[in-house]
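Q: One structure, as structure tokens, below. Some questions next.
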Amino acid sequence: MFEARLVQGALLKKVLESIKDLLNEATWECAATGISLQAMDSSHVSLVALNLRSDGFDKYRCDRNVSLGMNLTNMAKIMKCASNDDVITIKAQDDADTVTFVFETPNQEKISDYEMKLMNLDTEHLGIPDTDYSCIVKMPSVEFQRICRDLSQIGDSVVISCTKEGVKFSAAGDLGTGNVKLAQNANVDKEEEAVVIEMQEPVSLTFACRYLNSFTKATPLAPQVQLSMSSDVPLVVEYKLEDMGYVRYYLAPKIED
Amino acid sequence: TPVQNDLQEYFALV
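Each protein sequence line maps, in turn, to chains A and B.
Okay, so the first sequence: first residue is 1 according to the numbering used here, each after it adds one.
Okay, so the second sequence: first residue is 258 according to the numbering used here, each after it adds one.
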């Protein structure tokens, strides 16, 4: 028996919104420690890895590990039936071919349940090595979203260049060029407004705007985003979920042909 | 023009 109850059900809605652009289907791996998911987009350019720790749920029971393969478009249709202040419970029997979502209003006066068919998915699991990144940039997530949106109007790719002074995002296209520079700025009133750079050595990497824009669907999940970069390895874009876990995206860089 | 690389070039299938 698997059962996970989240009073802050809106969080689950936001998590789904943050991945459904990239993934049509994925397997939620449920274990005693929590729920995790790892999947590549269909073009094998980016990867989503997320973790929701069991202690972040208000009630969590997982007698044995279960893999819940879901069509995320269909899951999103069901999640749209939950209000933002609903309590959400996910339930599945061991070896079940369906999953049940229960939505309760805070006053318990309305309780809805939706049963969805599960899928058997061939999951390609990738081993991601621990990496000491050359540059780690922490910045406001809305700022990152804004920059990705703005520069995608200029070109298909963004070059992210990081030095210890700051981080620069650049795009070029038929109409011209655009550059956005952010200086390191840790002395701000609110912690979430800080731009902090930890640099071992400068890096400059090129990434596809389309994927960066998809990653920014996670913006409502966290006030800050962390970009981890090293030369010639995938970028990691991480949104930390308070007291719960994380949503991480990996994106292969564009390389000179 | 730079070309898009594949993630599996970096991470092994396990």
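Positions of the beta carbon are idealized from the N, C-alpha and C atoms, including for glycine.
Within a Cβ cutoff of 7 Å, which residues of the same chain sit near Ala31/A, ignoring the five residues on either side of it in sequence?
A: Taken in chain order, the residues that qualify are Cys62 and Asn65.
Q: What do you get for Leu270/B, buried or exposed, if any count of 16 or more other CB atoms within 10 angstroms of its CB means buried?
A: Exposed, because fewer than 16 other Cβ atoms sit within 10 Å of the Cβ of Leu270/B.
Q: Quick one: what does DSSP say Ala96/A is sitting in, helix, strand or coil?
A: If DSSP states are grouped into helix, strand and coil, Ala96/A belongs with coil.
Q: Using CA atoms only, rank isn't needed, just tell me which of Cys81/A, Val99/A and Thr105/A is closest to Arg87/A.
A: In the sequence as presented, Arg is not what sits at residue 87/A; that position holds Val. The option with the nearest alpha carbon to Val87/A is Thr105/A.
Q: Should Glu258/B be labelled buried (16 or more other beta-carbon atoms within 10 Å of its own) or exposed?
A: According to the sequence as given, residue 258/B is Thr; it is not Glu. Result: exposed.
Q: Please identify the residue among Asp41/A, Asn71/A and Gln153/A whose C-alpha is closest to the C-alpha of Cys209/A.
A: With distances taken between Cα atoms, Cys209/A lies closest to Gln153/A.
Q: List, in order along the chain, the chain B residues whose C-beta lies closer than 7 Å to that of Ile128/A?
A: Simply Phe268.
Q: Using CA coordinates, which residue listed in Pro202/A, Thr100/A, Arg248/A and Leu118/A is at the minimum distance from Lys168/A?
A: Out of Pro202/A, Thr100/A, Arg248/A and Leu118/A, Pro202/A has the C-alpha closest to the C-alpha of Lys168/A.
Q: What is the residue span of the alpha helix (DSSP H) that Glu17/A lies within?
A: Here the alpha helix (DSSP H) through Glu17/A covers Gly9 to Ile19.
Q: Cutting at 6 Å between CB atoms, please list the residues of its own chain near Ala39/A, excluding the five before and the five after it.
A: Counting only Cβ-Cβ distances below 6 Å, and skipping sequence neighbours, we find Leu23, Ala26 and Val48.
Q: Quick one: complete alpha helix (DSSP H) runs, 4+ long, within the segment 136-167 of chain A?
A: If we require 4 residues or more, the alpha helix (DSSP H) runs fully inside the segment 136-167 of chain A come out as 141-151.
Q: With respect to the alpha helix (DSSP H) encompassing Asn51/A, which residues constitute its N-terminal and C-terminal limits?
A: Careful: Asn51/A lies outside any alpha helix (DSSP H), inside the beta strand (DSSP E) at Ser46 to Arg53.
Q: May I have the straight-line CA-CA distance separating Met79/A from Asp97/A, to the nearest angstrom?
A: Met79/A and Asp97/A: Cα-Cα distance of roughly 19 Å.
Q: Rounded to the nearest angstrom, what separates Gln145/A and Thr216/A at their Cα positions?
A: Their backbone Cα atoms lie some 5 Å apart in a straight line.
Q: Would a check of beta-carbon distances place Thr98/A closer than 7 Å to chain B?
A: Output row for Thr98/A: interface = no.
Q: For Met70/A and Trp28/A, which I take to be in contact (beta-carbon distance under 8 Å), what is that distance rounded to the nearest angstrom?
A: Contact flag correct, Cβ pair sits at about 6 Å.
Q: Please list the partners that Ala26/A has in chain B, where partner means a Cβ-to-Cβ separation under 8 Å.
A: Under the 8 Å cutoff, chain B gives no residues; its nearest Cβ is about 15 Å from Ala26/A.
Q: Does Asp156/A get closer than 7 Å to chain B when you measure Cβ to Cβ?
A: With 7 Å as the cut-off, Asp156/A does not count as an interface residue toward chain B.
Q: Assign Pro259/B to one of three DSSP states: helix, strand, or coil.
A: Three-state DSSP puts Pro259/B in a strand.
Q: Which chain B residues sit within Cβ distance under 7 Å of Glu124/A?
A: Per Cβ cutoff of 7 Å: Leu270.
Q: How many Å lie between Asp257/A and Val260/B at the Cα?
A: Cα to Cα, Asp257/A sits roughly 6 Å from Val260/B.
Q: Locate the alpha helix (DSSP H) running through Ile128/A, then write down its first and last residues.
A: First-last for Ile128/A: undefined, no H or E at that position.
Q: Tell me which residues of the segment 164-184 of chain A have at least one Cβ-Cβ distance to chain B shorter than 7 Å, keeping chain order.
A: Residues passing the 7 Å Cβ filter: none.
Q: Could you tell me whether the Cβ atoms of Ile147/A and Val195/A are closer together than 7 Å?
A: Against a cut-off of 7 Å, the Cβ pair of Val195/A and Ile147/A comes out as no contact.
Q: Buried or exposed: which applies to Lys13/A, given that a residue is buried once 16 or more other Cβ atoms fall within 10 Å of its Cβ?
A: Under this definition Lys13/A is a buried residue.
Q: Starting from Lys59/A, trace the beta strand (DSSP E) both ways and give me its first and last residue.
A: First-last of the beta strand (DSSP E) with Lys59/A: Lys59 to Cys62.
Q: Note down the Cα distance separating Leu235/A from Asn84/A, rounded to an integer number of angstroms.
A: Rounded to whole angstroms, Leu235/A to Asn84/A spans 32 Å at the Cα level.
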